[in-house]
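Comments concern the structure below.
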Amino acid sequence: MAGGAAEGFSAAGAAATGADAAGRAHAAVAAADLRAAVAAGVLDERQASRLAALAEARSGRRAAIGPDEEPFELFRGMGEVFVALGVALLGAGVWLWALASGVGETAPQLAAISAAWIAAEYLTRRRRMALPSLLLAFGVAAPAAGVAGTAALNWMFEATPPGELGRMFEDGSAARIVFGAGCAGGVLGAGLFHLRFRLPFALFLMAVAGFGAVMTLAGMFDPMRLSQGGVRLADLFDLGAGAAGLATLGYGLAVFAAAMAFDTADPHRVTRLNLCAFWLHLVAAAAIVNTLAVSVVGLGAPWGQAGLGLAVLAMTVVALVIDRRSFLTASLAWLWVLARATVGDGVGPLPQAAALVALGGFIVAIGSGWARLRAGLMDMLPDFPGKDRLPPWAGGLDDRRTDRTGETR
Numbered sequence: 001m002a003g004g005a006a007e008g009f010s011a012a013g014a015a016a017t018g019a020d021a022a023g024r025a026h027a028a029v030a031a032a033d034l035r036a037a038v039a040a041g042v043l044d045e046r047q048a049s050r051l052a053a054l055a056e057a058r059s060g061r062r063a064a065i066g067p068d069e070e071p072f073e074l075f076r077g078m079g080e081v082f083v084a085l086g087v088a089l090l091g092a093g094v095w096l097w098a099l100a101s102g103v104g105e106t107a108p109q110l111a112a113i114s115a116a117w118i119a120a121e122y123l124t125r126r127r128r129m130a131l132p133s134l135l136l137a138f139g140v141a142a143p144a145a146g147v148a149g150t151a152a153l154n155w156m157f158e159a160t161p162p163g164e165l166g167r168m169f170e171d172g173s174a175a176r177i178v179f180g181a182g183c184a185g186g187v188l189g190a191g192l193f194h195l196r197f198r199l200p201f202a203l204f205l206m207a208v209a210g211f212g213a214v215m216t217l218a219g220m221f222d223p224m225r226l227s228q229g230g231v232r233l234a235d236l237f238d239l240g241a242g243a244a245g246l247a248t249l250g251y252g253l254a255v256f257a258a259a260m261a262f263d264t265a266d267p268h269r270v271t272r273l274n275l276c277a278f279w280l281h282l283v284a285a286a287a288i289v290n291t292l293a294v295s296v297v298g299l300g301a302p303w304g305q306a307g308l309g310l311a312v313l314a315m316t317v318v319a320l321v322i323d324r325r326s327f328l329t330a331s332l333a334w335l336w337v338l339a340r341a342t343v344g345d346g347v348g349p350l351p352q353a354a355a356l357v358a359l360g361g362f363i364v365a366i367g368s369g370w371a372r373l374r375a376g377l378m379d380m381l382p383d384f385p386g387k388d389r390l391p392p393w394a395g396g397l398d399d400r401r402t403d404r405t406g407e408t409r
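Each residue of the sequence shown is one higher than the last, beginning at 1 in the UniProt record's numbering.
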């Protein structure tokens, strides 16, 4: 899954001369060697990152990753898409076969888990296929959630008196127990998959399932009432609505801390740790952005609009500092809300067109000028703990020292 880092590593010395082109080719070979060394167990992820930093410093190149790149790889070619299609069909066939056999209510889930795990031993562990591995991870985590939820439901039927059980279904506590158990099962399934196959996407599944478990523990997430309109989704994120908003914000910050631990361990983004951080940042940003945005929008105009603008600005600054466009992606929906509020809610297509132009212009400006904006921001900010462990930037890279171990200082 770290294959997307090859493009970033090989782009480090991008220039027009033939000598620079040769240097880029050499860097690409070095990146491939690093990945092979990690896969063979010769180096671990941290050692590979430190070696990449040392090689960069000795070669005089600006960065191991181009300033306009954020390594990410969903699939490597149509071959993987073809295999992924086969994986989906295989999983559906195993599920239907187990369901038709009538050997037990959890048989389809257990059969799907077994089939996905066996396929992952070859496609993920040996072949390192990206897209099929994503499907296989989901094929383990989702059925694991189903098994845990079914087990919780069966336990309630066996251990709860009929009258009490009816009350639990009426007040939604039964749905919360089943949903919470399912989320815990999803965390366990995805966690075991990650431990075995070291697939970064499995951390994303763990984080999503963990979010559901945290919301269930907060006592606000009721699937039954949600489906009936008794609970608004905004209630899950509003800091003024109760414990759910605090739980969401706290969980988002915890996932963000975990993502930053991966990021700072691989500032040059040449190893698997980069993708671990990428997937965790998506979950962290969604939790943090939605909590802040829903809470300030609830204040009403004009303070709500001003607060939303400040929240989006803060998220943009954080995304630039940590060099994660994926962290800013979660703000796009709220950028649309802010753009609509800015141009007005008049009748007709013109206000919507103006909002789209404003939103698109902002994204294009940020995206195309990302490297320059980040370099200016990082040079302007004073030194703070961990700044030297963030990805390199154009202005401050030459002043950063590399010691004999390859650690960037």
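Where a beta carbon is used, it is the ideal one built from N, C-alpha and C, also for glycine. In this text the structure is predicted, and so the values were computed from the model without any measurement.
Original post:
Mind checking Pro200: buried by the 16 CB within 10 Å criterion, or exposed?
Top reply: buried
Original post:
At a cut of 8 Å, does the segment 242–251 reach the segment 277–293 through at least three beta carbon pairs?
Top reply: Yes: at least three Cβ pairs fall under 8 Å.
Original post:
Would Phe256 be called buried (16 or more neighbouring beta carbons within 10 Å of its own) or exposed?
Top reply: buried
**OP:** Grab the span of the alpha helix (DSSP H) containing Ser295 for me, first residue to last.
**Re:** 272–297
Original post:
Comparing alpha-carbon positions, which option in Ala259, Ser133, Trp117, Leu153 lies nearest Val81?
Top reply: Ser133
**OP:** Report yes or no: do the segment 187–202 and the segment 139–146 share at least 3 C-beta pairs separated by less than 8 Å?
**Re:** yes
**OP:** Specify the secondary structure class of Ser59 as computed by DSSP and reduced to three states.
**Re:** For Ser59, the predicted model reports a pLDDT of 49, less than 50, meaning its position is unreliable and no value from the coordinates is stated.
**OP:** Would you kindly check if the distance between the Cβ of Ala311 and the Cβ of Ala293 is under 8 Å?
**Re:** yes
Original post:
When DSSP labels each residue in this structure, what does Met129 get in the three-state scheme?
Top reply: In this structure, Met129 counts as coil in the three-state DSSP scheme.
**OP:** Tell whether a beta-carbon distance below 8 Å holds between Ala152 and Ala181.
**Re:** yes
Subject >> Spatial distance of Trp303 from Val178 (CA atoms) >> reply: Per the coordinates, the alpha-carbon of Trp303 lies some 40 Å from the alpha-carbon of Val178.
Original post:
Does the Cβ of Asp379 have 16 or more other Cβ atoms within 10 Å, making it buried, or fewer, making it exposed?
Top reply: exposed
**OP:** Leaving out five residues on either side along the sequence, give the residues of the same chain with a beta carbon under 8 Å from the beta carbon of Leu165.
**Re:** Excluding its 5 nearest sequence neighbours in each direction, Leu165 has C-beta neighbours in its own chain below 8 Å: Met156, Phe157, Ala174, listed in chain order.
Subject >> CB-CB length for Leu74 against Ala130, believed under 8 Å >> reply: At roughly 6 Å, the Cβ-Cβ gap stays under 8 Å, so Leu74 and Ala130 are in contact.
Original post:
Does the Cβ-Cβ distance between Gly91 and Ala120 come in under 8 Å?
Top reply: no
Subject >> Cβ pair Leu205, Ala137 closer than 8 Å >> reply: yes
**OP:** State the Cα-Cα distance for the pair Ala21 and Leu51, rounded to the nearest angstrom.
**Re:** Residue placement at Ala21 is flagged as unreliable, the pLDDT there being 41, under the threshold of 50; the coordinate-derived value follows with that caveat. About 21 Å.
**OP:** Quick one: using the 10 Å Cβ neighbour count with 16 as the cut-off for buried, is Ile113 buried or exposed?
**Re:** Ile113 is buried by the Cβ-count criterion.
Original post:
From Leu195, Met168, Gly367, pick the residue whose C-alpha is nearest to that of Ala319; which is it?
Top reply: Gly367
**OP:** Ignore the nearest five residues each way along the sequence and tell me which others in Asp238's own chain have a CB closer than 6 Å to its CB.
**Re:** Gly245, Val294, Ser295, Gly298
**OP:** Look at the Cβ atom of Ala247, then the Cβ atom of Met215, and state whether they are nearer than 8 Å.
**Re:** Yes. Within cutoff.
Subject >> DSSP three-state assignment for His268, whether helix, strand or coil >> reply: coil
Original post:
Is the distance from the Cβ of Pro267 to the Cβ of Pro382 below 8 Å?
Top reply: no
Original post:
When DSSP labels each residue in this structure, what does Trp393 get in the three-state scheme?
Top reply: coil
**OP:** Have a look at Val208 and Ala354 and give me their C-alpha separation to the nearest angstrom.
**Re:** 34 Å
**OP:** Give me the Cβ distance between Leu308 and Trp334, rounded to the nearest whole Å; I'm assuming they're in contact under 8 Å.
**Re:** 6 Å
Subject >> Assigned exposure category for Leu34 - 16 Cβ within 10 Å defines buried >> reply: Flag for Leu34 reads buried.
**OP:** Thinking Ala84 and Trp95 are a contact (beta carbons under 8 Å), I'd like their distance in whole angstroms, please.
**Re:** Going by Cβ atoms, the distance from Ala84 to Trp95 rounds to 17 Å, so no, they are not a contact pair.
Original post:
Given that a residue counts as buried once 16 or more other Cβ atoms are within 10 Å of its Cβ, and exposed if not, what is Leu203?
Top reply: Buried, since its Cβ has 16 or more Cβ neighbours within 10 Å.
Subject >> Val321 beta carbon less than 8 Å from that of Leu377 >> reply: yes
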